[in-house]
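First comes the structure, then the notes that go with it.
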Amino acid sequence: MSEKKKIGFYWTGSCGGCQVSILDIDEMLLDVAEQAEIVFWPCAMDPKYEDVKAMDENEIDIMFINGAIRLDENKEMVELLREKTKEVVSYGSCACNGGVFGLGNLSSKDELLEKGYTNKTTDQGPFPQKITEVEEGELELAEMLDHIKPLDEHIDVEYYLPGCPPLPTQLEDALPALLDDEIEVEERDLITDKSVCDPCPMEREEKEIERLIPIQEATDIDPDECLLDQGILCMGPATAGMCEAPCTEVGHPCVGCNGPVKGVEDQGSRMASALASVMGIEGEENKTEEEVMETMNSVRDPTGSFYMFSLPSSIMQFRRDDIDE
Amino acid sequence: MSDEDFEPKIIAFLCNWCSYAGADLAGVSREQYPANILNIKVMCSSRVSPEHVLRSFKKGADGVLIAGCHPGDCHYINGNYKTIRKADLMKKIMEDFGIKPTRLRLEWISSAEGGKFARVMEEMTEEVKEIGPLNLDGTSLEDDTDE
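Read top to bottom, the protein sequences are chains H and U.
Take the first sequence: its position 85, counting from 1, is numbered 118 in the numbering used here, and each next residue is one higher.
Take the second sequence: its position 9, counting from 1, is numbered 13 in the numbering used here, and each next residue is one higher.
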């Protein structure tokens, strides 16, 4: 066998779920350890910035980067890691599509900081600033960037592996393929072109939905019937189905964490199209335009629901100032 | 926006069976309408996805018009009802993205309404002139320097 591959895992602005997902592969981790040497993993080991800086160019074979790029420190670090790495894997939804953090792009940086730090319901603490003067000298904090961008807007990325977090089943396919030079993997091979509806076991009856019910108000969910048919907003039709639909299987609607299916740029638009097509009221022909439109009022927060995990990689990407001017 | 020289770019998605035929009739009957409109033929107004609309704005359009058969007259039975719902969602999404929802307009133009077609185009051009330019061309995150 050839020399062991050097791999690493890094997190930027993330919840930590992606790191846990790596441990989730259980005993397969032993196989990975056999084929590869983990040289960098801040979550589990104790490497410092200087250690990475001291590495040679392309010293790491595969680097898994997860999380959103929220601070200038995140950006600096991924740029450094890019220099030291042969192949970068954009790991998890935040790195691939911006993730939940991406919803922050609907507000300006100042709005976000104000909401977070001068909110009347919490103690008013000090407002974060780049340089703070203390007795001993100056302290420097990382600064927030204006917008969340997907990782590939900052650095070149070789592979995409979305999921919030990617499931062990996804990793079981992906890891051996990535670690084996014989197996060729294309950039977006780890994303499927089938939606979550494809593996979903629920029965779809193609009936028209009169209004959506918020999931917390849905009291009797039929475990065998399509959730959309039952009037519960399910992102399944617009979401890539690598996960094999574990959420809908237990009666929870898909929230769209895998991002759009392969080849689609804008997940939210696809969902809006799909939803507009399956909704309807009986005897529509005799109703006025306003009455038809009224059915859509039951769709709560369309932007937040449809773009929950993919706003920075969508067409619009962030809030524009056409209205605010 | 007080810019008097501003000439808006408007993309009009016209359904093959009614509105495009309406545009044809406007042409045949020598109706005058502003040259700010770029017509795109689609098979049905419900074919227009929010993706098309958002991408039009992103690529420099100042306004988007979707025109289809009158409700009840759809060649595909109920396509235009889907369009009504889709347009409603689109407007809400546009608003959240900070784009004035009035930049999107939905109209019903039949193949016999050449005059209406010309009138709608004129109205829409005036309206968008009033709203002002959107200028989204070349404003993706790629160009965002962030420093």
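For glycine and all other residues, C-beta sits at the position ideal for the given N, C-alpha and C.
Everything numeric in this text was worked out from a predicted model, so none of it was measured.
Between the C-alpha atoms of residue i and residue j, what's the straight-line distance to the nearest angstrom?
| i | j | result |
| --- | --- | --- |
| U/Thr87 | U/Ser115 | 18 Å |
| H/Pro286 | H/Met268 | 7 Å |
| H/Gly50 | H/Cys197 | 7 Å |
| U/Asp66 | H/Glu173 | 43 Å |
| H/Ser338 | U/Thr106 | 23 Å |
| U/Lys134 | U/Asp9 | It should be pointed out that residue 134 of chain U corresponds to Glu in this sequence rather than to Lys. For U/Glu134 and U/Asp9, the distance between alpha carbons rounds to 12 Å. |
| U/Glu35 | U/Gly119 | 7 Å |
| H/Ile216 | H/Trp44 | 27 Å |
| H/Gly131 | U/Gly31 | 47 Å |
| H/Asp105 | H/His187 | 11 Å |
| U/Val132 | H/Cys280 | 45 Å |
| H/Pro270 | H/Glu239 | 13 Å |
| H/Met110 | U/Glu99 | 35 Å |
| U/Lys45 | U/Tyr24 | 7 Å |
| H/Gln350 | U/Leu145 | 7 Å |
| U/Ser33 | U/Glu117 | 11 Å |
| H/Glu258 | U/Ser50 | 27 Å |
| H/Gly296 | H/Leu113 | 30 Å |
| H/Lys39 | H/Gln68 | 9 Å |
| H/Gly1 | H/Pro232 | There is simply no residue 1 of chain H to check, as chain H begins at 34 and stops at 358 in what is shown. |
| H/Arg333 | U/Trp112 | 27 Å |
| U/Lys13 | H/Pro161 | 43 Å |
| H/Val53 | H/Glu60 | 14 Å |
| H/Val91 | U/Asn84 | What sits at residue 91 of chain H in the sequence shown is Asn, not Val. For H/Asn91 and U/Asn84, the distance between alpha carbons rounds to 56 Å. |
| H/Leu204 | H/Val122 | 12 Å |
| H/Glu168 | H/Pro209 | 53 Å |
| H/Ser228 | H/Ala87 | 44 Å |
| H/Leu178 | H/Lys163 | 12 Å |
Taking residue i and residue j to be in contact with their CB atoms under 8 Å, please state how far apart those CB atoms are, rounded to whole angstroms.
| i | j | result |
| --- | --- | --- |
| H/Ile181 | H/Ile102 | 7 Å |
| H/Leu223 | H/Tyr193 | 6 Å |
| H/Ala128 | H/Gly170 | Not confirmed; about 35 Å, so no contact. |
| U/Asn40 | U/Thr129 | 5 Å |
| H/Asp355 | U/Lys104 | 5 Å |
| H/Val311 | H/Glu243 | About 11 Å; that fails the 8 Å criterion. |
Can you have a look at residue i and say buried or exposed, based on whether 16 or more other CB atoms are within 10 angstroms of its CB?
| i | result |
| --- | --- |
| H/Asn291 | buried |
| H/Asn107 | buried |
| U/Ser60 | buried |
| U/Glu55 | buried |
| H/Gly46 | buried |
| U/Tyr37 | buried |
| U/Gly26 | buried |
| H/Gly125 | buried |
| H/Ser302 | buried |
| U/Asp92 | buried |
| H/Glu189 | The sequence shown places Asp at residue 189 of chain H, rather than the Glu named in the question. H/Asp189 is exposed by the Cβ-count criterion. |
| U/Ile15 | buried |
| H/Asn138 | buried |
| H/Pro293 | buried |
| H/Asp9 | Outside the shown range of chain H, which is 34 to 358, sits residue 9 of chain H, and nothing can be said about it. |
| H/Asp89 | exposed |
| H/Pro183 | buried |
| H/Gly41 | buried |
| H/Met275 | buried |
Considering residue i, what are the terminal residues of the alpha helix (DSSP H) in which it resides?
| i | result |
| --- | --- |
| H/Phe339 | Pro335 to Phe339 |
| H/Phe160 | No alpha helix (DSSP H) contains H/Phe160, which DSSP labels as neither H nor E. |
| U/Ile88 | Gly83 to Asp100 |
| H/Thr118 | It is not in any alpha helix (DSSP H) - H/Thr118 instead sits in the beta strand (DSSP E) that spans Thr118 to Tyr124. |
| U/Lys120 | Gly118 to Ile135 |
| H/Glu173 | Careful: H/Glu173 lies outside any alpha helix (DSSP H), inside the beta strand (DSSP E) at Gly170 to Glu173. |
| H/Glu83 | Tyr82 to Lys86 |
| H/Leu146 | Lys142 to Tyr150 |
| U/Leu29 | Ser23 to Val32 |
| H/Glu67 | Met61 to Gln68 |
Going by DSSP, what residue range makes up the beta strand (DSSP E) through residue i?
| i | result |
| --- | --- |
| H/His180 | Met177 to Lys182 |
| U/Arg59 | Here U/Arg59 belongs to no beta strand (DSSP E); instead the alpha helix (DSSP H) covers Pro54 to Lys62. |
| H/Glu277 | Element bounds for H/Glu277: n/a, residue is neither H nor E. |
| U/Leu18 | Ile14 to Cys19 |
| U/Val46 | Ile41 to Val46 |
| H/Ile55 | No beta strand (DSSP E) contains H/Ile55, which is instead part of the alpha helix (DSSP H) from Gly50 to Leu56. |
| U/Gly67 | Gly67 to Gly72 |
| H/Lys38 | Lys38 to Trp44 |
| H/Asp94 | Ile93 to Asn99 |
| H/Ala77 | Run containing H/Ala77: none; DSSP gives neither H nor E here. |
| U/Leu108 | Leu108 to Trp112 |
Mind listing, in chain order, the continuous beta strand (DSSP E) runs of no fewer than 3 residues lying wholly within the stretch 187 to 268 of chain H?
192 to 194
Can you list, in chain order, the stretches of the alpha helix (DSSP H) that have 4 or more residues and sit fully within the stretch 299 to 357 of chain H?
The stretch 299 to 357 of chain H contains these whole alpha helix (DSSP H) runs: 300 to 311, 322 to 327 and 335 to 339.
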